[in-house]
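See structure below.
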Amino acid sequence: MELIVTEKDNAARRIADILSGESYDSSRENGVNVYEWGGTRCVGLSGHVVGVDFPPEYSDWRDVEPVELIDASVEKTATKENIVATLRILARQAEEATIATDYDREGELIGKEAYEIIREVDEEMPIRRVRFSSITENEVRSAFAEPEELDFDLAAAGEARQTIDLVWGAALTRFLSLSSGQLGNDFISVGRVQSPALKLLVDREREIQAFDPESYWEIVADLEKTEGGEDFESQYFYLDEEGNEAERVWEEEAADAATADLEGATTATVVDVDRRSRTDAPPAPFNTTQFIRAASAIGISAKRAMSIAEDLYTAGYITYPRTDNTVYPDDLDPEELLGEFSGHPTLGEDADSLLESEEIEPTEGDEETTDHPPIHPTGEIPTRGDVDDDEWKVFELVVRRFFATVADDARWEHLRVESEAAGRSLKANGKRLVEAGYHAVYPYFSTSENYVPDVEVGEELAVGEVECTGKETQPPRRYGQSRLIETMEGMGIGTKATRHEIIQKLYDRGYIESDPPRPTQLAMAVVEAAEEFADRVVSEEMTAQLEADMDAIASGKAELEDVTQESREMLEEIFENLADSREEIGDHLRKSLKADKRLGPCPECGEDLLVRRSRHGSYFVGCDGYPDCENTLPLPSTGKPLILEEECDEHGLHEVKMLAGRQTFVHGCPLCKAEEAGEGPVLGECPDCGTQEGGELAVKTLQNGSRLVGCTRYPDCEYSLPLPRRGEIEVTGDRCEEHDLPELLVHNGEEPWELGCPICNYREFQARENGSELEAIEGVGEKTVEKLAAAGIESIEDLSTADPDAIADDVEGVSADRVRGWQAKA
DNA sequence: GCAAGGTC
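For the first sequence, our numbering gives the first residue as 12, with consecutive numbering after it.
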C-alpha cells in the first residue's frame, strides 16, 4: 500500500479525486478522513501536528528564572494526537509513502514532521516528496510521475525559526510578566513578529502626540468660460523658495493679499493648457494581503474577510486564500473560467463582454511563488441561498478581481489649465475617464471625474467667487488594520496566514484598543522597555537576520545548531543587561497598566479613580486609595468598558464606552451618570398599588445607567417595566386608552422609535418571547400559539401546568391528547 | 499561562 500525506484534508480529497479518477472511497479513522483507491491511501494533516516546547520542569513560571530558558532543551511533542495516531496506523500498513504537503518552507517542515512519524514505525520504507503549486490535474499528475526527496535543509531552516521564536518569546515574555507581577491571564508578551508590529503603532502614536499643527490658507476661485457660462474651480498657487508649485499659504497677510487681488480681478487669462492621456492598467491577481485590503475597502474587516474566504474555499467556490503569489499558474485557462460565469444572472454579462475580447492576457504581479495560486474563483458559483450577504460580497469581489485581471486598460484624459488674474496664478486639474476598461467589471476603485472645460491659451475667463479657507496641518493618521498588514508585509514580518491574527493578538493582550487600533499605555511601556534593553525584538532586523540565516541553512551554508546557538548568545547578553533593571521595568509596566484604567481624580480623596473588575467579573469604578477611600461608581452590566480620550468638563473624568459587539454604546462620565440617577417624569397611576396606596409610575434611571418605569413607592411596591438602554426618552401627549399611560418616544439615531405605552410595549415583547418559546415545541405553529394565548397559555410553564382537558375545551381544534403530547415534549 | 507557524 502507498500512503500519501498532505497538509490539510481539503488537499487530500482533491488529490484523491485527481489520482483516482474520482473513484475513491473515504472512511474515518480517529476523526480523520482517509481516502482510498486501488493500492493507495491519502490522508490530510492539519498543518503542524507536532510543536516545540520546553521540558515540563520549566513550565512553572515562578520556579524558573527566565534566563534559564535560554539554554533549556527544546522538545517536539505531538499537538494533534488523533492525526499522529492515524498516521502511525496507516504507516504500519504501508510499503511506501509520499509527502505532498504545501510547496513552501513551512510545508517542507510539516512534511518532515510526517516523515519522522512514519520513520518511527518503519525504518526502511521509501519516503518520497512531491511538489506542486496548485492542485490541478496537470500539476499533480506530473509531480507524482517524478517524485523527489524531502529537503531536510529547508525543513531545518523552519526548525531554526521555531526554536529562536520560542526561546526569545518565552524568555522575554516571562521576564516582563514576572517583573510586573502580571501572571495568569494578563501576562505581558513579547515576540519577533508581534513586538515590531506593536512598535509600528506606538511610533505612529508618538508622532501624533508630538505633532504641532500649523495654520495655513488655501484660496480657490471660480472661473467662468464667458460663452456658455460653464464654470470650474481653480486653485491659487505660487512658486516657493525651491521653485516648486505650492498651494498652501503659510501667512495670513499673504493669503489676504492674494485673496484681495483675486477678488479685485474681473477676468483671468489662460496661460497654459496641458492635455495628456494616461493609461490605467488593471490590478494584479489577489494575494492574501491585497485581498484583505480590497475587502476592508468595502467594509469587511481583515478577520472577517479571512474567515469568509476560508468558508468559500472549503465550499469549493474560491481557491486557497493564504497565498503570496500574484501570478496565475499556466494551468489556469482564463477563457474557460470566464465561460463558467457566462449566463449567470448578475455576473454573466460582464464575463461575456470579456470573452468578446480578441486576446485575453491576465495581469501579473511582482511576486511569483510556489506556495499556491493567487486567490481566484474556481468556477463553482454559489446560489444566493447558499451564502449570506457578506459571503456573497466577498465572493463577488474575488470574481470581479479575476475579471479585472483579464480586462483591458482604462484610459483617463487629464486636462490642466493654468491662468492668471491680477498677477496671481491659478490652476485647475480636470480628469475624465474616456475608456472604462477594467473599471467596467471591477467597480471598487473610485472613477470620480473632475470637470474642467475646454479652453485655449489666451482665452479670457470671468472670475467669480473667491474663497479663502483657513486650515491646519493634520497629524499623521493611525494605521488601519489593512494598512498595518500591508506595512508588515513590506517589512517582511509575519506571514500571509498570520499577520491578521497577530493584530488580534495585540488586542487580546491589551496592547491596542478600538479601531483603527490605538496603543495603550501598557503597549507604550512594553515597547519602551524593549527598545532600551532588547532592541532586536522590536525591530524588523531580527526577522531579516533570521531570514538570512534560514536561507543559509536551506542552502547548506550554515548549520541549524550554529544559528540557534548564536541567537541564544545574543539573548544571554540582553539578559545580562536586564538583570539590574528588573524592578525599574516592573514599576514602569505597573504604572502604565494603572494609567490604562485611570478615569481621573477621585472627588472624595483626590487619588485616581480606576476601572476595576469585581470577583464576579462585572466592571465598576473604584478608587486607587482603597481601602482608605471606599468611593465607587457603577458601570453598565453589558459589555467591556473602553476609556475614551474625551473628558467630562464637570468632573475631569474620562468618558466610558461599553464594547458589546453590535450593542456597543457610549456610557459617558460615570460620575455624571450617577448624579443623574433618580426619578424622571411621572407617567400615571401604578396598576399594582395605585388605587389602594396611591403609587405612581415614573421613568427611573438606576446608578449603573440603566432605566426602567417603576413605582414611586419602591421598595414597598416593586412593579416595574423595562426600557431600552440607549436613547433619550420623550413623554408624548398621547395616552394609551387601555392603561391610561402616555405613549413614549425613544430618540436614538435619526428616526425616533415609537415605543408607545410602556405596558403595551412590554406585553408585546412578552408575547413575542413566549410565542417563540412555545413554537419551539414540535407540532406547535404560529396559529396554535395565537389560539393558546387567547386561552391564557403564553409560556411553556403555563402549558406544562395547565389541565389538558380544560385546554381542549377552551381551544378550538385542539384535543386533550395533543396537549399531552406537547407537554411531554416541553 | 510563554512565540510563530501551520490549519479549522
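Beta carbons: idealized from backbone N, C-alpha and C, even for Gly.
All figures in this text were calculated on a predicted structure; none of them were measured in a lab.
Problem - Simplified DSSP state of Trp764, which is helix, strand or coil - result: Translated into positions along the first sequence, residue 764 becomes position 753. DSSP, read as helix, strand or coil, puts Trp764 in strand.
Practice task
List the endpoints of the continuous alpha helix (DSSP H) containing Pro345.
Solution key: Walking along the first sequence from the start, residue 345 turns up at place 334. Pro345 to Phe352 is the span of the alpha helix (DSSP H), which, as asked, contains Pro345.
Handout entry: Cβ separation of Phe413 and His387, assumed to be a contact under 8 Å, to the nearest whole Å
Key = One-based indexing of the first sequence puts residue 413 at position 402. One-based indexing of the first sequence puts residue 387 at position 376. Going by Cβ atoms, the distance from Phe413 to His387 rounds to 5 Å, so yes, they are a contact pair.
Practice task
Could you tell me how far apart the beta carbons of Arg140 and Pro158 are, in whole angstroms, since I believe they sit closer than 8 Å?
Solution key: What you label residue 140 is simply residue 129 of the first sequence in a count that begins at 1. What you label residue 158 is simply residue 147 of the first sequence in a count that begins at 1. The pair is a contact, with the Cβ atoms about 7 Å apart (cut-off 8 Å).
Problem - Contacting residues, own chain, Cβ-Cβ under 8 Å from Asp751 (five flanking each side not counted) - result: What you label residue 751 is simply residue 740 of the first sequence in a count that begins at 1. Same-chain partners within the cutoff: Gly695 and Glu696.
Practice task
May I ask you to report which of helix, strand or coil DSSP gives Arg139?
Solution key: Here residue 139 corresponds to residue number 128 of the first sequence, with the count starting at 1. DSSP places Arg139 in the strand class (E or B) of the three-state scheme.
Exercise for the section: For the stretch 574–653, list the alpha helix (DSSP H) runs that are entirely contained and at least 4 residues long, ordered along the chain. Expected result: DSSP runs (the alpha helix (DSSP H)) wholly in the stretch 574–653: 593–608.
Exercise for the section: Out of Tyr462, Glu551, Glu478 and Val452, state which residue places its alpha-carbon closest to the alpha-carbon of Ala266. Expected result: Translated into positions along the first sequence, residue 266 becomes position 255. Comparing Cα-Cα distances from Ala266 to each of Tyr462, Glu551, Glu478 and Val452, the minimum goes to Glu478.
Handout entry: C-beta atoms of Pro340 and Pro384 nearer than 8 Å
Key = For the purposes of this step, residue 340 is taken as residue 329 along the first sequence, with counting starting at 1. For the purposes of this step, residue 384 is taken as residue 373 along the first sequence, with counting starting at 1. Cβ atoms of Pro340 and Pro384: closer than 8 Å.
Practice task
Report yes or no: do three or more beta-carbon pairs, one from the stretch 300–312 and one from the stretch 434–452, lie closer than 8 Å?
Solution key: no
Practice task
For Ala362, count neighbouring Cβ atoms within 10 angstroms of its own Cβ and tell me buried if that reaches 16, exposed if not.
Solution key: Residue numbering aside, residue 362 sits at position 351 when the first sequence is read from its first letter. By the neighbour-count definition (other C-beta atoms within 10 Å, threshold 16), Ala362 is a buried residue.
Handout entry: Beta-carbon gap between Val282 and Val463 smaller than 8 Å
Key = For the purposes of this step, residue 282 is identified with residue 271 of the first sequence, where counting begins at 1. For the purposes of this step, residue 463 is identified with residue 452 of the first sequence, where counting begins at 1. Not closer than 8 Å, so no.
Practice task
Leaving out five residues on either side along the sequence, give the residues of the same chain with a beta carbon under 6 Å from the beta carbon of Asp619.
Solution key: Numbered from 1 along the first sequence, position 608 holds the residue referred to as residue 619. Excluding positions up to five away in sequence, the list reads Arg609 and Asp635.
Handout entry: For Lys438, the residue or residues it bridges with in DSSP
Key = By one-based count along the first sequence, residue 438 stands at place 427. Note: Lys438 sits in a beta bridge opposite Gln246 and Glu429.
Exercise for the section: Count the other CB atoms, across all protein chains shown, that sit within 10 Å of the CB of Pro454; report buried if there are 16 or more and exposed otherwise. Expected result: Within the first sequence, the letter at position 443 stands for residue 454. That one is exposed.
Handout entry: Start-end ranges of the alpha helix (DSSP H) lying completely within the stretch 250–329, minimum 4 residues
Key = 263–275, 299–308 and 313–325
Handout entry: Ala473 - DSSP class collapsed to helix/strand/coil
Key = Counted from its first residue, the first sequence places residue 473 at position 462. Here DSSP, grouped into helix, strand and coil, assigns Ala473 to strand.
Exercise for the section: Just the C-alpha distance for Gly767 and Glu748, rounded to the nearest angstrom, thanks. Expected result: For the purposes of this step, residue 767 is identified with residue 756 of the first sequence, where counting begins at 1. For the purposes of this step, residue 748 is identified with residue 737 of the first sequence, where counting begins at 1. Computed Cα separation, rounded: 11 Å.
Practice task
Using three-state DSSP, classify Ser38 as helix, strand or coil.
Solution key: By one-based count along the first sequence, residue 38 stands at place 27. For Ser38, the three-state secondary structure derived from DSSP is strand.
Exercise for the section: Tell me where the beta strand (DSSP E) around Arg718 begins and ends. Expected result: The residue given as residue 718 occupies position 707 in the first sequence. Segment Arg718 to Cys722, the beta strand (DSSP E) holding Arg718.
Exercise for the section: Alpha carbon to alpha carbon, how far is Val409 from Thr357? Give it in angstroms, no decimals. Expected result: In the first sequence, counting from the first residue as 1, residue 357 sits at position 346. In the first sequence, counting from the first residue as 1, residue 409 sits at position 398. Near 14 Å, if we compare the C-alpha coordinates of Val409 and Thr357.
Practice task
Could you give the DSSP three-state label for Thr184: helix, strand or coil?
Solution key: The residue you call residue 184 lines up with position 173 of the first sequence. Three-state result, Thr184: helix.
Problem - At least three beta-carbon pairs within less than 8 Å, the stretch 39–53 to the stretch 536–553 - result: no
Practice task
State the start and end residues of the unbroken alpha helix (DSSP H) segment that holds Pro681.
Solution key: If you number the first sequence from 1, residue 681 lands on position 670. Note, Pro681: alpha helix (DSSP H), Pro681 to Glu687.
Problem - Residues near Asn759 by beta carbon distance below 8 Å, same chain, minus five either side - result: Residue numbering aside, residue 759 sits at position 748 when the first sequence is read from its first letter. Cβ within range, chain order: Pro735, Arg737, Gly738 and Glu739.
Handout entry: Tyr249 versus Arg287 - alpha carbon distance
Key = One-based indexing of the first sequence puts residue 249 at position 238. One-based indexing of the first sequence puts residue 287 at position 276. Distance between the alpha carbons of Tyr249 and Arg287 is about 23 Å.
Practice task
Taking the CB atoms as reference points, tell me whether Pro77 and Ala182 lie closer together than 8 Å.
Solution key: Within the first sequence, residue 77 is the residue found at index 66, counting from 1. Within the first sequence, residue 182 is the residue found at index 171, counting from 1. Contact flag set, yes.
Handout entry: For Leu426 and Asn440, the rounded distance between their alpha carbons
Key = Translated into positions along the first sequence, residue 440 becomes position 429. Translated into positions along the first sequence, residue 426 becomes position 415. Spanning the two alpha carbons is a distance of roughly 6 Å.
Handout entry: C-alpha distance - Ala168 paired with Asp560, whole-angstrom precision
Key = The residue given as residue 168 occupies position 157 in the first sequence. The residue given as residue 560 occupies position 549 in the first sequence. Approximately 8 Å, taken between the alpha carbons.
Exercise for the section: Express the C-alpha separation of Asp814 and Glu407 in angstroms, rounding to a whole number. Expected result: Position 396 of the first sequence, counted from the first residue, corresponds to residue 407. Position 803 of the first sequence, counted from the first residue, corresponds to residue 814. Near 56 Å, if we compare the C-alpha coordinates of Asp814 and Glu407.
Handout entry: Sufficient close CB pairs (3 or more, under 8 Å) joining the stretch 496–507 to the stretch 273–281
Key = no
Practice task
For Ala851, collect the residues of the same chain with a Cβ closer than 6 Å to its Cβ; drop the 5 residues on either side in sequence, then sort them by chain order.
Solution key: A query on residue 851 cannot be resolved here, the shown segment of the chain reaching from 12 to 837 and no further.
Exercise for the section: Output yes or no for whether 8 Å exceeds the beta carbon distance between Ala685 and Leu644. Expected result: Taking the first residue of the first sequence as position 1, residue 685 is located at position 674. Taking the first residue of the first sequence as position 1, residue 644 is located at position 633. Yes, these two residues count as a Cβ contact at 8 Å.
Exercise for the section: Look at the alpha carbon of Asp36 and the alpha carbon of Glu117, and state the distance between them as a whole number of angstroms. Expected result: Along the first sequence, one-based indexing puts residue 36 at 25. Along the first sequence, one-based indexing puts residue 117 at 106. Taking the straight line joining both Cα atoms gives about 30 Å.
Exercise for the section: In the DSSP assignment, find the unbroken alpha helix (DSSP H) run with Ile496 in it and report its ends. Expected result: Walking along the first sequence from the start, residue 496 turns up at place 485. Per DSSP, Ile496 belongs to the alpha helix (DSSP H) from Gln492 to Met502.
Exercise for the section: Have a look at Tyr69 and Val61 and give me their C-alpha separation to the nearest angstrom. Expected result: Your numbering for residue 69 matches position 58 in the first sequence. Your numbering for residue 61 matches position 50 in the first sequence. The alpha-carbon atoms of Tyr69 and Val61 are separated by roughly 19 Å.
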